[in-house]
Amino acid sequence: MDGAAPSGPVYTAPAPAAAPAPAAEAAQSAAPLEAGELDRIIAVVNNDVITEHELEQRVHTVAINLRRQNIQLPPMELLRAQVLERLISERAILQRARQTGIRVDDQMVNASIEQIARQNNLTVEELRQRLLADGVTFPAFRNEIRDEITTQRLREREVTEKIEISESEIDAYLSEQAGFKGEDTTEYHVEHIFLPVGTPEENDSVRAAAESLADRARKGEEFSSLAASFSRADDAMQGGELGWKTLSDLPTPFAEAIRKNPNETYYVFNSQRAWHVLKVSGKRDGVQAKLGSGPVEQTHARHILMFVSDITPEADVIRRLNDIRSRVESGEADFATMARLHSVDSTATRGGDLGWLQPGDTVPDFEAAMAKLKPGQVSEPIRTPYGYHLIQVVERRTAKEGNPERVRVAARQAIRQKKLNEANYNWERELRDEAYVEIRDPQLKEALRR
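-15 is the number of the first residue of the sequence shown in this note's numbering; add one for each residue after it.
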């Protein structure tokens, strides 16, 4: 299971409304509209359209989320342009998914919604009421869930599964990290604005825009609001928040900029086809270096793996795994016996036993689910690129120090994440660039040119 990518979107129900931010009144103009009240076509994407109703509904949702993060809303014209650009990219991705035959049935959507409700200690009906209170209809929410799952599956097929890492790359990475010994224990709180360069002729103007944004931030404007207004990254609507990162976690151009001037707050630099504005808002002593030795928590786990196929649809796999989980939890069946009978993994003959696992030994979704379990507990069905799993934690222990193989596993994961980030961006950009796009609203068209 080493080296595969995270799989399956994570959704959360809306949190209780926070106090309005200073620009909250602007959000009122983005209140959702009844379907049919506005049906003007805002943009054409290949053979599909984006209507004004769709745009305003998404703007309303984004405005709510920004206020809850205490991010000042950008001017409504800029917010609408940002959201439209995201909708265009999403529409191009979903069209590719349809072309490749990816489908998500109602049973899978229902199962995902039920899981979201459970994660938030809600019933499905309570989740429905929470959404309505925020102006989000349940059918719209269902469509969003379906689109997210569809996008993730296409991403796995066209990006994730194509990432390869050689042993020589791992050797080179470890050699490079040895040259920066000790710095991996420092974590930096990083925020980011991403400005793509469409053509070589645009480079100087995009650089000037990046310098201008950095200067505005230095003079006191909220960086998160600038990111929400101008960044073209997926995290723009989260204020460009990247969180706490070590230098080895960051893309190479980011890490190099910080290494050159470690005491700066704002950085402006370029990478291939883009300019970046970076804000380092804090430093702290991080956890023990990822590639170093020292105490390591290890988990002894078992799992049951099932595949989705034409014969066994996704909903049937989830139902079968939930049935096994119920039987194990009630004491009617033994997990190891169920693994021998039902798992399609090579570990089935030994009762699904994976042995002692260390951080980085499994794919992120598997590891995250395993980390939440107490010894003896069994997870809900977990989806990874390999299929669907039930996980049981047998016991845990703390090893006094790591081992050389763990170092290589951690290096592989770090390389893989960097490659995946770059590949995801290039993939989305390629789909967007290949699409025929016609923006019919003059104001939005002008805003997207800036």
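Glycine is no exception: its CB is placed at the ideal position from the N, C-alpha and C atoms.
Exercise. Does the separation of the CB atoms of L68 and V46 fall below 8 angstroms?
Worked result: Result no, Cβ atoms of L68 and V46 do not sit closer than 8 angstroms.
For this session: Whole angstroms is fine: what's the gap from Q282's alpha carbon to Y172's?
Result: For Q282 and Y172, the distance between alpha carbons rounds to 27 angstroms.
Exercise. What residues in its chain sit with their C-beta under 6 angstroms from that of I34, if we drop five residues either side in the sequence?
Worked result: If we look at I34 and ignore the five residues flanking it on each side, its Cβ neighbours are I26, A27 and L71.
Problem set entry | Limits of the alpha helix (DSSP H) - the one that M354 falls within | Taken as a continuous stretch (DSSP letters only), the alpha helix (DSSP H) holding M354 covers P348 to A355.
Problem set entry | Closer than 8 angstroms to chain D by CB, E186 | Of the protein chains in this structure there is only one, and it is not chain D.
Exercise. Taking contact to mean at least 3 C-beta pairs separated by less than 8 angstroms, is the stretch 289 to 303 in contact with the stretch 89 to 102?
Worked result: Yes: at least three Cβ pairs fall under 8 angstroms.
Exercise. When the Cα of V238 is compared with those of G119, Y409, M290 and V174, which residue comes out closest?
Worked result: Reading off the sequence shown, one finds Phe at residue 238, where the question assumed Val. When only C-alpha atoms are compared, the closest one is V174.
Problem set entry | Residue environment, F291, which counts as buried when at least 16 other CB atoms sit within 10 Å | When all chains shown are included, F291 counts as exposed.
For this session: Would you kindly work out how many angstroms separate the C-alpha atoms of G85 and Y250, rounded to a whole number?
Result: Roughly 45 angstroms between the two C-alpha positions.
For this session: Could you check which residue in L374, K429, L234 and I133 has the C-alpha nearest to that of D307?
Result: Checking every option, the nearest Cα to that of D307 belongs to L374.
Exercise. Where R243 and L415 are concerned, what is the direct C-alpha to C-alpha distance, given to the nearest angstrom?
Worked result: Taking the straight line joining both Cα atoms gives about 34 angstroms.
Exercise. Just the Cα atoms here: how many angstroms apart are N30 and A65?
Worked result: Roughly 19 angstroms separates the two Cα atoms.
For this session: Tell whether a beta-carbon distance below 8 angstroms holds between V362 and E313.
Result: Yes, Cβ-Cβ distance for V362 and E313 is below 8 angstroms.
Exercise. Excluding the five sequence neighbours on either side, which residues of its own chain have a C-beta within less than 6 angstroms of the C-beta of S208, listed in chain order?
Worked result: Excluding residues within five positions, the ones whose Cβ falls inside 6 angstroms are I55 and G223.
Exercise. Name the DSSP bridge partner or partners of V281?
Worked result: Before going on, a small fix: residue 281 reads as Glu here, not Val. Within the DSSP bridge table, the entry for E281 names T382 as partners.
Problem set entry | K403 - DSSP class collapsed to helix/strand/coil | Note: K403 maps to helix in three-state DSSP.
Exercise. In chain order, what residues of the same chain have a beta carbon less than 6 angstroms from the beta carbon of V190, not counting five sequence neighbours either side?
Worked result: Excluding sequence neighbours, V190 sits near L179, V181 and W259.
For this session: Check the DSSP bridge columns for A258 and list the partner residues they point to.
Result: According to the DSSP secondary-structure assignment, A258 is paired through a beta bridge with P180 and S255.
Exercise. What is the DSSP secondary structure of Q56, counted as helix, strand or coil?
Worked result: Three-state DSSP puts Q56 in coil, outside helix and strand.
Exercise. Count the other CB atoms within 10 Å of the CB of T346; is the residue buried (16 or more) or exposed (fewer)?
Worked result: By the neighbour-count criterion, in which a residue is buried when 16 or more other Cβ atoms sit within 10 angstroms of its Cβ, T346 is buried.
Exercise. Nearest-angstrom Cα distance between S13 and T236?
Worked result: Confidence at S13 is low in this model, with a pLDDT of 40, below 50, so its placement is unreliable and no value can be given for it.
Problem set entry | Contacts around A431, its chain only, beta-carbon distance under 7 angstroms, and the 5 residues preceding and following it disregarded | Counting only Cβ-Cβ distances below 7 angstroms, and skipping sequence neighbours, we find E61, L62 and A65.
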